[in-house]
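Everything below concerns the one structure shown next.
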Amino acid sequence: MRGQQVLILGGASAIAEQVARLLASRGAALYLTGRDQARLEKIAADLRVRGASRVVIEPLELTDIAAVGGVVGRAQESLDGLDTLLIAAGVLPEQERASAEPALLREGLEINASVPMLVLEEAARLFEQKGRGQLVAIGSVAGDRGRATNYAYGAAKGALEIFLSGLRQRLSRRGVKVLLVKPGFVDTPMTVEFKKGPLWASPERVAQDIVRAMERGRAVIYTPWWWRWIMLIIRHIPEPIFVRLRF
Amino acid sequence: MTQRIESWGRYPKATPAKVTRLTDRDAPLPESDRPMLVFGNGRSYGDVCLNDGGHILLGRGLDRFIAFDAEQGILRAEAGVLLSEILELIVPKGWFLPVTPGTKFVTLGGAVANDVHGKNHHRAGTFGHHVRAFELVRSDGSRRVCTPTENADWLAATIGGLGLTGLITWVEIQLRAIEGPWIQAESRRFANLSEFFVLSEESDRQHEFTVAWVDCAARGQHLGRGILLSGDFAPASAGQGKHPRAHGRLDVPFTPPISLINPLSLRAFNALYARKPERRFLTHYEPFFYPLDAIGHWNRIYGPKGFLQYQCVLPPESAETATRELLERIAASGQGSFLAVLKGFGTQPQAGLLSFARAGVTIALDFPFRGARTSALLNTLDAVVVAVDGALYAAKDARMSQLGWGLSTPRLEAFGDFIDHSFVSGLWCRLNACG
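Quick note, the sequences are listed as chains R and B, same order. Letter 128 of the first sequence, counting from 1, is numbered 128 in the working numbering, and no numbers are missing. Letter 126 of the second sequence, counting from 1, is numbered 1126 in the working numbering, and no numbers are missing.
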């Protein structure tokens, strides 16, 4: 993986930062976007110490569609090339509020699904032309089946999955890999208010799984692995029973 | 959100504290109606890292590097970075920690706050002697960069200051150059305590790293027998073609219902260990400095009640007689210590106002906690230490007396001026008026 050139959307997220550390220690060049410039600067300094050959940051608000356009081109130019896109940006809207406030529902769909799709398309064009590259996006187990407590979030992540599935099929003969990562519960600032249990994983653990899946050119992974089996069961619960469940 | 915080000795048990994970070194301290304490990686033993029912700031979240000058060997990192993470970064680039404790799983901030020492104390002093700078954030919102020339009084109070002067956000240290990760080591047996003192002095003159293990179960003419380990970083040519042994990390997956360290297992282990042959060998730095780090959660072998560490330093002039007295009292009690470590300290002035390490000989012991019996034994050990004006190590303590504390911290009064009164620890409350 030496010499990788990576654009990370949502580069200040806890999972993205851990992935970036692993890539940096192998000498990758990194282009990070995020909302908080001061935070990005601290992350960039850390990644340089850890061995990144180059780190460029761009403060970027994902709801600002005009600003998002061209981000792939800017990253490609700054890093003298680009071969990997990682979408790690995301928000977790509280379901009750998202149900009551249309603006919040819409913002969630934009940041978690439609804006990532635009950026994925831009990178797909570039990688298709070059005949190589990897598109990676962080989805969620919540995208596997809608639940009462987080279907706004789940719907966006589910949409991302279908989008990536289509991209993967389209690019399969063009040398471009497409990876969807579905983490379960991860202990990050996004979930700071949740009560933690044995199923929770650290961002470090999740990042290791992501980097391994990237190296192996995998299509879809659950992380940690046990979520594959949990979600297999959950997806197959018949609807009449599922609607009565409370979890 | 509250959480039960545990120290490495798992004694005493703390009541759950409110917890906040620190993630941004530039953020102000959280507003709190409870007294605060920063908790790093929980490798100190007693209650120096506990804060009963208070507010614990989890420092591990501050884990970013800030700058590394690979030419000069100067590293600046956030205080929650572990020494193990630093080693991964610096060893391949030809640098090593200037001073390292017996575990690499401590945070940089914890190493400063406890002013830790290692096998090279006789040459290099403590961790605090190699601190070039750090930032201290106080509950009044002030921030100070402390160096040996700027805010030097705050530097001296915070090194070894047990986390009571505020939050250390980042630390800059001077590293030590190495040619490679290999250590040329030697182990030599000594038959009794007098031999230890002769051998130790000779060894300290010749080698950068020295430490001795003592058989606590031995009595009579064997009293104080043990093995002295010494070592120096080997030249680059030494380890060529050698690879560190890739041993799988073991783990103690759960706490056994009783301590596996008991008089029987202890005597067997000590008797076997004392018969280890003398040898010269080339070893990777990991097993040399961090033998116990190879076993995850080794503290669980002491069972649910946990264990007590006991570490003191005895002044040079009375070191031999006092060490003998300590070993006799331990042997007589029948509660031997699994690991008994002896080491001669150098004579450097202390880096911090409350620093533990000072001229003399230090002895470190650990005892499974068996209630009143254990407390009684440790009190009799205290009496020996107090009688010779020795000192006890706060980072390992859970039970010392006021008298012992007073002797251990002759500059306590000067330290008082630097305390941040929004900070407190279990140890501090126990030994000083608090709240």
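Backbone N, C-alpha and C fix where the C-beta goes; we use that ideal spot for every residue, glycine too.
Between the alpha carbons of residue 95/R and residue 193/R lies a distance of about 14 Å.
No Cβ of chain B is located within less than 7 Å of the beta carbon of residue 187/R. CA-CA distance, residue 1319/B to residue 1361/B, rounds to 6 Å.
Here the alpha carbons of residue 1169/B and residue 14/R stand approximately 19 Å from one another. Taken atom to atom, the span from the alpha-carbon of residue 1345/B to that of residue 1351/B is near 14 Å.
Interface residue (Cβ-Cβ distance to chain B less than 7 Å): residue 12/R is not classified as such.
For the pair residue 21/R and residue 247/R, the Cα-to-Cα distance works out to about 35 Å. DSSP places residue 59/R in the strand class (E or B) of the three-state scheme. Measuring C-alpha to C-alpha distances from residue 4/R to each of 90/R, 135/R and 116/R identifies 135/R as the nearest. Counting along the chain, residue 42/R sits inside the alpha helix (DSSP H) bounded by residues 37 to 49. Look at residue 1134/B: its C-beta is not under 7 Å from any C-beta on chain R.
The residue from 1117/B, 1226/B, 1174/B and 1260/B with its alpha-carbon nearest to that of residue 1069/B is 1174/B.
Per DSSP, the unbroken beta strand (DSSP E) holding residue 1146/B starts and ends at 1143 to 1146.
Under the three-state reduction of DSSP output, residue 1278/B falls in the coil class, being neither helix nor strand. Non-local C-beta neighbours of residue 57/R in its own chain, meaning closer than 6 Å and more than five positions away in sequence, comprise 32, 40 and 44, ordered along the chain. Residues of chain B whose Cβ lies closer than 8 Å to the Cβ of residue 45/R are, in chain order, 1064, 1065, 1066 and 1067. With fewer than 16 other Cβ atoms from the protein chains shown falling within 10 Å of its own Cβ, residue 1349/B counts as exposed. Positions of the beta strand (DSSP E) runs, each at least 3 residues long and wholly inside the stretch 1215 to 1293 of chain B, are given as 1226 to 1233 and 1279 to 1284 in order along the chain.
Using a Cβ-Cβ cut-off of 8 Å, residue 50/R is close to 1065 and 1089 of chain B, given in chain order. A direct Cα-to-Cα measurement between residue 155/R and residue 1298/B gives close to 45 Å.
Collapsing the DSSP output to three states places residue 1159/B in coil.
Setting aside the 5 residues that flank it on each side, residue 151/R has no residue in the same chain whose C-beta is closer than 6 Å to its C-beta.
Annotation for residue 194/R: no alpha helix (DSSP H) segment contains it, and DSSP assigns it neither H nor E. Taking a C-beta distance under 7 Å as the contact criterion, residue 1104/B and residue 1293/B qualify as a contact pair. Secondary structure at residue 29/R: strand, using DSSP grouped into helix, strand and coil. Of 167/R, 161/R and 171/R, the smallest CA-CA separation from residue 181/R is found for 161/R. Apart from sequence neighbours up to five positions away, the residues of its chain that approach residue 139/R with a beta-carbon distance below 6 Å are 157, 160, 161, 180 and 182, ordered along the chain. When the beta-carbon positions are compared, residue 1127/B and residue 1115/B come within less than 7 Å of each other. Taken through DSSP and simplified to helix, strand or coil, residue 1107/B comes out as strand. Among the residues of chain R, those whose CB is under 8 Å from the CB of residue 1023/B are 189, following chain order. With a minimum length of 4 residues, the unbroken runs of alpha helix (DSSP H) contained wholly in the stretch 88 to 139 of chain R fall at 95 to 100, 102 to 109 and 115 to 130. In this structure, the straight-line span from the alpha carbon of residue 1367/B to that of residue 1307/B is close to 6 Å. Around the beta carbon of residue 1038/B, 16 or more other beta carbons sit within 10 angstroms, so the residue counts as buried. In the DSSP assignment, residue 1187/B is bridged to 1229/B and 1279/B. Listed in chain order, the positions of the stretch 1022 to 1054 of chain B with a beta carbon within less than 9 Å of a beta carbon of chain R are 1023, 1024, 1025 and 1026.
A direct Cα-to-Cα measurement between residue 101/R and residue 149/R gives close to 15 Å.
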